[in-house]
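Visitor:
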Amino acid sequence: MSRVTLTQHLIEQQRAGRINPDLRLLIEVVARAVKAISVNVSKGALAGLLGEAGTDNIQGEAQKKLDVIANDILLQANEWGGHLAAMASEEVEEVHQIPFDYPKGGYLLLFDPLDGSSNIDVNISVGTIFSVLRNVGQPGDPSEASFMQSGTEQAAAGYALYGPSTMFILTVGHGVHGFTLDREMGSFVYTHPFMTIPQDTSEYAINSSNARYWEPPVQRYVAELQAGKSGPRGRDFNMRWVASMVADVHRILTRGGVFMYPLDEKCRAVGGKLRLMYEANPMAMIVEQAGGAASTGRERIMTIQPQKLHQRVPVILGSANEVEIACSYHRES
Ligand code: AHG
Ligand code: MN
Ligand code: MN
11 MSRVTLTQHL
21 IEQQRAGRIN
31 PDLRLLIEVV
41 ARAVKAISVN
51 VSKGALAGLL
61 GEAGTDNIQG
71 EAQKKLDVIA
81 NDILLQANEW
91 GGHLAAMASE
101 EVEEVHQIPF
111 DYPKGGYLLL
121 FDPLDGSSNI
131 DVNISVGTIF
141 SVLRNVGQPG
151 DPSEASFMQS
161 GTEQAAAGYA
171 LYGPSTMFIL
181 TVGHGVHGFT
191 LDREMGSFVY
201 THPFMTIPQD
211 TSEYAINSSN
221 ARYWEPPVQR
231 YVAELQAGKS
241 GPRGRDFNMR
251 WVASMVADVH
261 RILTRGGVFM
271 YPLDEKCRAV
281 GGKLRLMYEA
291 NPMAMIVEQA
301 GGAASTGRER
311 IMTIQPQKLH
321 QRVPVILGSA
331 NEVEIACSYH
341 RES
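Residues in the sequence shown are numbered consecutively from 11, following our numbering.
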């Protein structure tokens, strides 16, 4: 059986003029780091990797041991290749500069090293999310300002899902492509070409414990989904919430659905729950490239002009027709 690997797929993308050698190397290095994270995630308690690290990150969230390990793996893997100008991570407050003894390249890499970390200790799927921007700033060490580019400027975006199998999902702006890790061979195999999200769905994902804090348009939208057959939507909807955005988005990419972490009274002061630069933007690019939609309810996520590295935004993404209904309720209110 002839099997196309991620490496072969990327070389073909390069020959087709869709990526240059530096971006190819960058994606290869991220995928290599993802394999190392996958090994650590799957060892779990055997390697003493569960539980708290005993530190807080910039968001004031308690770091898990695997948050710290995944972050270190990604930083170290990407420092020396010469393809990056700088990095930014959920777990690091400031821009992470490339050490002076390594050459610098033209790209900026942003990541959520471990997404869904509340699920680590209960052995439920977690992931890694990444976004790639071009360094369009002045020569020298990139500042936070160099990263302040809208999602439409992303050169690539992707995520890894550490589930029953480890998967690597990638877009460079020509559709969404999925790879499954062959653990014996140590390579990602091209298993999911051109992933698409159905326009319609009967499945939604939201943390309902926040219901009393939601804004009226979200209250209305979810109430109508829950009313099912006897309500205005005339059909039943199923609810799924993994609490790992990567796993929820992957389900949507596989069989459709709508995912919401909307603005509510609890998170209004900080603008939302999920982070724009390394959660919402890369997922929005993937979802749009798969034919879906991604909005805050009020505007397209990918056209937001970022103000800061760790900015938060409301997120409504997935099957295009459902996202549009939720957005229309925001417009009407
Ligand atoms: P992270 O683990 O990187 O901080 O992200 C967690 C995010 C996202 O993955 C998930 O959808 C959401 O937070 C879960 O929120 P609740 O705890 O409200 O369910
Ligand atoms: Mn996350
Ligand atoms: Mn995280």
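Quick reminder that beta carbons are idealized off the backbone N, C-alpha and C, glycines included.
Quick one: complete alpha helix (DSSP H) runs, 4+ long, within the stretch 198 to 240?
Guide: 226 to 237
Visitor: Can you look up R42 in the DSSP assignment and give me helix, strand or coil?
Guide: helix
Visitor: Check whether the Cβ of D122 lies closer than 6 Å to any heavy atom of ligand 1, and answer yes or no.
Guide: In terms of side-chain proximity, the C-beta atom of D122 is found nearer than 6 Å to a non-hydrogen atom of ligand 1.
Visitor: Quick check: is any heavy atom of ligand 2 less than 6 Å from the C-beta of E332?
Guide: no
Visitor: V44 to V102, Cα distance in whole Å?
Guide: 18 Å
Visitor: Could you give the C-beta distance for S6 and R245, rounded to a whole number, given that I count them as a contact under 8 Å?
Guide: Residue 6 lies beyond the stretch modelled for the chain, which goes from 11 to 343, so this question has no answer here.
Visitor: Are the beta-carbon atoms of S141 and L171 separated by less than 7 Å?
Guide: no
Visitor: So for Q164, helix, strand or coil by DSSP?
Guide: DSSP places Q164 in coil when its eight states are reduced to three.
Visitor: Quick test of your reading: W224 and D274, contact by CB under 8 Å. State the CB separation rounded to the nearest angstrom.
Guide: 5 Å
Visitor: Find out if the Cβ-Cβ distance for the pair T176, S48 is shorter than 7 Å.
Guide: yes
Visitor: Would you please state the rounded distance, in angstroms, between the beta carbons of E332 and V259? I believe it to be under 8 Å.
Guide: Wrong, their Cβ atoms sit about 14 Å apart, outside the cutoff.
Visitor: Who are L284's beta bridge partners in DSSP?
Guide: V323
Visitor: Three or more beta-carbon pairs under 8 Å between the stretch 106 to 126 and the stretch 23 to 40, yes or no?
Guide: yes
Visitor: Could you tell me the alpha carbon to alpha carbon distance between T206 and A294, rounded to whole angstroms?
Guide: 13 Å
Visitor: Rounded to whole angstroms, what is the Cα-Cα separation between A72 and E163?
Guide: So the alpha carbons of these two residues sit roughly 32 Å apart.
Visitor: Mind checking M287: buried by the 16 CB within 10 Å criterion, or exposed?
Guide: Note on M287: 16 or more other CB atoms within 10 angstroms of its CB, so buried under the neighbour-count rule.
Visitor: Return helix, strand or coil for V51, following the three-state DSSP convention.
Guide: Per DSSP, reduced to three states, the secondary structure at V51 is helical.
Visitor: May I ask whether a heavy atom of ligand 1 can be found less than 6 Å away from the beta carbon of S218?
Guide: no
Visitor: Tell me whether E22 is buried or exposed, calling it buried when 16 or more other Cβ atoms sit within 10 Å of its Cβ.
Guide: exposed
Visitor: Out of Y339, V256, R322, point me to the one whose CA is closest to S128's CA.
Guide: Out of Y339, V256, R322, V256 has the C-alpha closest to the C-alpha of S128.
Visitor: May I have the straight-line CA-CA distance separating H106 from S338, to the nearest angstrom?
Guide: 40 Å
Visitor: Can you give me the C-alpha to C-alpha distance between D125 and H320, rounded to a whole angstrom?
Guide: 15 Å
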